[in-house]
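Respectively, the protein sequence lines represent chains A and B. Heads up: the first sequence begins at 43 in the numbering used here, then just goes up one per residue. Heads up: the second sequence begins at 43 in the numbering used here, then just goes up one per residue. By construction, the Cβ of each residue, glycine as well, lies at the ideal position given by its N, Cα and C atoms. Scroll down for the structure; my scribbles are underneath it.
Protein chains: 2
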Amino acid sequence: MSRILPVGVAQLGPIARNESRQSVVERMLDLLAQADERGCQLLVYPELALTTFFPRWYIEEQAEVDAFFEHSMPNPDVQPLFDEAARRGIGFHLGYAELCEEDGHTHRYNTAILVSPAGEIIGKYRKIHLPGHADNRPEKAFQHLEKRYFEIGTYGFPVWRAFDGILGMCICNDRRWPETYRVMGLQGVEMVVLGYNTPAISPDSPEIPNLQLFHNHLSMQAGAYQNGCWVAAAAKAGWEEGVEHIGGSCIIAPTGQIVAQALTEADELISYHCDLDLGKHFTQTTFNFAAHRRIEHYGLITERTGAIPPAK
Amino acid sequence: MSRILPVGVAQLGPIARNESRQSVVERMLDLLAQADERGCQLLVYPELALTTFFPRWYIEEQAEVDAFFEHSMPNPDVQPLFDEAARRGIGFHLGYAELCEEDGHTHRYNTAILVSPAGEIIGKYRKIHLPGHADNRPEKAFQHLEKRYFEIGTYGFPVWRAFDGILGMCICNDRRWPETYRVMGLQGVEMVVLGYNTPAISPDSPEIPNLQLFHNHLSMQAGAYQNGCWVAAAAKAGWEEGVEHIGGSCIIAPTGQIVAQALTEADELISYHCDLDLGKHFTQTTFNFAAHRRIEHYGLITERTGAIPPAK
Numbered sequence: 043m044s045r046i047l048p049v050g051v052a053q054l055g056p057i058a059r060n061e062s063r064q065s066v067v068e069r070m071l072d073l074l075a076q077a078d079e080r081g082c083q084l085l086v087y088p089e090l091a092l093t094t095f096f097p098r099w100y101i102e103e104q105a106e107v108d109a110f111f112e113h114s115m116p117n118p119d120v121q122p123l124f125d126e127a128a129r130r131g132i133g134f135h136l137g138y139a140e141l142c143e144e145d146g147h148t149h150r151y152n153t154a155i156l157v158s159p160a161g162e163i164i165g166k167y168r169k170i171h172l173p174g175h176a177d178n179r180p181e182k183a184f185q186h187l188e189k190r191y192f193e194i195g196t197y198g199f200p201v202w203r204a205f206d207g208i209l210g211m212c213i214c215n216d217r218r219w220p221e222t223y224r225v226m227g228l229q230g231v232e233m234v235v236l237g238y239n240t241p242a243i244s245p246d247s248p249e250i251p252n253l254q255l256f257h258n259h260l261s262m263q264a265g266a267y268q269n270g271c272w273v274a275a276a277a278k279a280g281w282e283e284g285v286e287h288i289g290g291s292c293i294i295a296p297t298g299q300i301v302a303q304a305l306t307e308a309d310e311l312i313s314y315h316c317d318l319d320l321g322k323h324f325t326q327t328t329f330n331f332a333a334h335r336r337i338e339h340y341g342l343i344t345e346r347t348g349a350i351p352p353a354k
Numbered sequence: 043m044s045r046i047l048p049v050g051v052a053q054l055g056p057i058a059r060n061e062s063r064q065s066v067v068e069r070m071l072d073l074l075a076q077a078d079e080r081g082c083q084l085l086v087y088p089e090l091a092l093t094t095f096f097p098r099w100y101i102e103e104q105a106e107v108d109a110f111f112e113h114s115m116p117n118p119d120v121q122p123l124f125d126e127a128a129r130r131g132i133g134f135h136l137g138y139a140e141l142c143e144e145d146g147h148t149h150r151y152n153t154a155i156l157v158s159p160a161g162e163i164i165g166k167y168r169k170i171h172l173p174g175h176a177d178n179r180p181e182k183a184f185q186h187l188e189k190r191y192f193e194i195g196t197y198g199f200p201v202w203r204a205f206d207g208i209l210g211m212c213i214c215n216d217r218r219w220p221e222t223y224r225v226m227g228l229q230g231v232e233m234v235v236l237g238y239n240t241p242a243i244s245p246d247s248p249e250i251p252n253l254q255l256f257h258n259h260l261s262m263q264a265g266a267y268q269n270g271c272w273v274a275a276a277a278k279a280g281w282e283e284g285v286e287h288i289g290g291s292c293i294i295a296p297t298g299q300i301v302a303q304a305l306t307e308a309d310e311l312i313s314y315h316c317d318l319d320l321g322k323h324f325t326q327t328t329f330n331f332a333a334h335r336r337i338e339h340y341g342l343i344t345e346r347t348g349a350i351p352p353a354k
């Protein structure tokens with residue numbers, strides 16, 4: 043049996059601080075047209091795809107921060123993407139900074155949506171593993187202030203029946219955490235889609251260079267294999283406002299193998315015809331969770347947040 | 043800061059069904075001598091290191107099965123290893139089939155012990171993720187009857203302060219499960235030691251060949267990186283009673299990189315001087331669990347054993 047879903051991953055090169063959303067959406071439309079030529083039915087765009095990666099800066103003025111956020115979705119800047127994707131019958135995944143009013147308060151999230159081939163938003167995810175810090179650290183080469191600008195996601199890790207399969211989403215740093223994939227794996231996820239912005243050199247550990255691309259793939263390959271699912275991941279890549287970001291956008295099979303990978307750090311489309319039934323080789327044997335998981339021995343994972351070494 | 047622990051991994055080639063424990067222990071003593079020459083303070087032997095991998099056979103007679111088990115540890119067959127390791131001041135990890143009387147009943151486990159440089163057993167682990175099946179499947183090229191011959195481990199995944207660090211153990215199939223590493227990571231583990239017997243071709247998925255070595259390393263590299271710990275893993279390798287087992291014994295750094303790897307499928311020693319402080323680069327930044335984990339969103343991991351897809 044096979045259920046083939048042709049998937050594209052639309053890597054974006056750098057977006058300058060002064061580049062307009064209109065310009066970015068035009069780049070995204072170019073990639074959409076390429077995806078259509080290849081027969082893609084789903085196209086994955088990066089995290090915070092519509093602007094530069096602003097959490098690298100400590101910004102005092104909230105209004106200046108909020109200019110990087112979308113106050114509704116879709117909105118006039120993004121509407122051409124919704125329209126053209128629906129015209130072509132291609133669904134997509136899009137990451138953006140979400141500003142919303144809920145419960146009488148203003149909230150800000152690092153968000154991704156899943157849009158059907160008909161142009162309807164059918165799923166929304168808000169990033170849970172916010173990396174970095176909330177305080178100003180001007181001594182760093184660049185900062186990572188996601189914990190300042192965003193609240194923690196409120197939806198958990200849901201999955202959706204869509205594209206004739208079961209899809210889930212996560213965002214950037216979420217992909218390093220095995221819990222992310224497992225919570226979706228326990229809901230039968232067949233494909234995880236995500237975007238990321240990852241500096242090529244971490245300001246936290248410059249003494250361990252050249253490993254960011256390796257860690258990017260390692261975490262996603264393990265998540266795919268260990269849950270018998272596909273992973274399709276789109277980078278925003280290249281030198282953006284003085285900081286280099288890794289590319290390495292990829293599509294990973296449930297075998298853990300990378301089956302498509304971007305070579306550049308620019309706008310680049312990769313694609314693969316993914317068989318959503320392939321994961322069953324694993325979820326019915328080695329990773330038949332019902333047969334093999336032993337939750338009575340996993341208690342610490344949900345009981346304890348931080349590590350507590352044994353007493354000396 | 044650095045805390046260097048010189049670690050050896052003693053891969054064993056095949057053990058025939060009729061090879062005596064005395065003969066196996068002599069092979070292990072040879073590897074111990076090599077480890078001493080390299081200055082190792084800890085030596086890791088494989089899973090079920092003292093006999094052939096008997097769960098490949100469906101055996102009716104319990105007495106015939108029990109002949110593969112150790113009824114005490116140490117025992118006269120293994121005492122020379124304990125004596126010589128203590129004489130050399132080298133600690134070790136040893137996997138074996140454990141038969142014991144507890145609570146008035148006979149129990150059988152797939153067990154590993156951690157032995158101090160003074161020859162004292164300081165830790166014991168019993169395998170939790172038993173692979174395979176309990177029923178007779180004579181139609182298979184070979185069987186995998188761990189679920190028949192062993193009970194599920196009773197100790198969880200403890201860690202021990204030993205060798206000037208914090209060590210944990212798991213066994214073979216445990217290494218494929220991210221929960222294994224995470225439960226130890228939440229106890230501050232700095233090195234996980236383990237052994238494995240892994241057929242080169244899985245009878246469950248012969249149509250996906252050549253990936254066993256890749257999956258072996260992928261799971262352990264991800265576990266190391268995502269928990270900021272070392273992993274030292276010893277295979278029993280080669281053609282054993284008509285079944286080929288992968289080698290690939292390795293030592294993996296907290297960076298996820300393989301820093302030493304066996305090339306053969308025979309008895310082979312690999313070693314590395316492991317800095318137990320290296321993991322702090324990760325556990326104090328990207329994988330500072332206290333700062334970044336969100337256990338309120340991990341509930342399914344301990345609530346649900348098997349996967350439950352969303353309603354159609």
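Bridge-paired residues (DSSP) for residue i
i: C212/B; result: L236/B
i: Y100/B; result: BP columns for Y100/B are empty, so no partner.
i: R168/B; result: T153/B
i: H135/A; result: V86/A and L156/A
i: H339/A; result: None; H339/A has no bridge partner.
i: H175/B; result: None, per the DSSP bridge assignment.
i: H287/B; result: P241/B and G280/B
i: Y267/A; result: Looking at the DSSP assignment, Y267/A forms no beta bridge with any residue, so it has no partner.
i: S313/A; result: G50/A
Interface partners of residue i on chain A, CB under 8 Å
i: S261/B; result: A264, Y267 and Q268
i: L123/B; result: What L123/B touches in chain A: nothing, since even the nearest Cβ is about 27 Å away.
i: H315/B; result: What H315/B touches in chain A: nothing, since even the nearest Cβ is about 17 Å away.
i: I194/B; result: R336
Extent of the continuous alpha helix (DSSP H) run through residue i
i: F324/A; result: K322 to T325
i: E345/A; result: L342 to E345
i: R190/B; result: E188 to Y191
i: V225/A; result: P220 to G227
Collapsed DSSP secondary structure at residue i in the structure displayed
i: Q303/A; result: strand
i: S244/A; result: coil
i: L84/A; result: strand
i: E61/B; result: coil
i: H259/B; result: helix
i: L90/B; result: coil
i: I163/A; result: strand
i: D119/B; result: coil
i: R203/B; result: strand
i: T148/B; result: strand
i: D319/A; result: coil
i: Y197/B; result: coil
i: E181/A; result: coil
i: L18/B; result: No answer is possible for residue 18/B: it lies beyond the span of chain B, which begins at 43 and ends at 354.
When the options are compared against residue i, the one with the closest alpha-carbon
i: T94/B; options: R63/B, R59/B and L320/B; result: R59/B
i: Q299/A; options: E310/A, L320/A and I288/A; result: L320/A
i: H315/A; options: P56/A, V107/A and F205/A; result: F205/A
i: F96/A; options: G341/A, Y167/A, G174/A and R168/A; result: G174/A
i: I208/A; options: C142/A, G284/A, R179/A and L156/A; result: L156/A
i: I163/B; options: A275/B, E144/B and S114/B; result: S114/B
i: Y87/B; options: F110/B, S62/B and F124/B; result: F124/B
i: L85/A; options: L92/A, S65/A, N117/A and P48/A; result: P48/A
Chain-ordered chain B contacts of residue i [CB-CB under 8 Å]
i: Q229/A; result: L342, A349, I350, P351 and P352
i: I208/A; result: P351 and P352
i: I170/A; result: R336 and H339
i: T325/A; result: A349
First and last residue of the uninterrupted beta strand (DSSP E) at residue i
i: G50/A; result: I46 to Q53
i: A275/B; result: W272 to A277
i: A333/A; result: That residue, A333/A, is in no beta strand (DSSP E); its alpha helix (DSSP H) goes F331 to H334.
i: G280/A; result: G280 to E282
i: I293/B; result: C292 to I294
Amino acids of chain A, ordered along the chain, whose beta-carbon sits closer than 7 Å to that of residue i
i: V201/B; result: P352
i: F95/B; result: What F95/B touches in chain A: nothing, since even the nearest Cβ is about 17 Å away.
Where residue i meets chain A, residues with beta-carbon distance less than 9 Å
i: V225/B; result: H339, Y340, G341, L342 and I343
Min CB distance residue i to chain E below 7 Å
i: G298/B; result: In summary, chain E is missing from the structure at hand, where the protein chains are A and B.
Proximal chain B residues relative to residue i, where beta-carbon distance stays under 7 Å
i: L253/A; result: T297
i: F355/A; result: Residue coverage of chain A in this structure runs from 43 to 354, which leaves residue 355/A outside it and unanswerable.
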